[in-house]
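Notes follow once the structure below has been shown.
Residue numbers (my numbering): 12 to 177.
Next up, the structure:
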């Protein structure tokens with residue numbers, strides 16, 4: 012029987028740099044630019060580049076350090092859910108509960124990973140039955156993407172007011 016592993020993550024003030032911890036040891040990171048959905052993840056000795064593409068049908072390509080496509084993520088534009096295709100296997104990212112206070116990745120057999128952000132969103136835990144480095148990297152990326160998109164939506168009325176006043 013598989014046991015559940017618990018990882019912790021923390022981010023800097025701007026949310027552009029994440030660090031992933033196992034037993035208080037840094038095992039990975041995710042870095043990106045401000046307000047940009049592209050990112051670079053390093054976990055153990057592997058590097059992955061997340062490149063966001065498409066506008067009306069958004070998706071993200073994930074390539075290894077040699078440029079090979081290793082996974083992709085397709086987003087549902089209205090729900091915040093996503094479908095992850097990874098080495099011939101499909102996973103589904105969705106909010107857990109009505110308040111979207113935590114997230115989960117499930118495969119065809121049920122829940123694999125749960126992401127629980129802290130109250131301020133600058134830290135959290137990842138509980139995983141599947142200790143895939145790639146899935147852990149994807150969790151960090153999708154957490155950052157969710158926070159970034161919800162921040163943009165929250166600030167949209169302010170931007171509109173500023174544009175109208177100019």
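Don't be surprised by glycine CBs; every beta carbon is placed ideally from N, CA and C.
| Query | Result |
| --- | --- |
| Of the listed residues 80, 109, 119, 113, nearest to residue 94 (C-alpha basis) | 119 |
| N- and C-terminal bounds of the alpha helix (DSSP H) containing residue 154 | 144-176 |
| CB-CB length for residue 59 against residue 73, believed under 8 angstroms | 5 angstroms |
| Beta-carbon separation (whole angstroms), residue 151 vs residue 46, contact threshold 8 angstroms | Not a contact, Cβ separation roughly 17 angstroms. |
| Exposure of residue 163, with buried meaning 16 or more beta-carbon neighbours within 10 Å | exposed |
| Closest Cα partner of residue 2 within the set 48, 127, 173, 134 | No answer is possible for residue 2: the residues shown for the chain start at 12 and end at 177. |
| Helix, strand or coil at residue 97 according to DSSP, with G and I counted as helix | strand |
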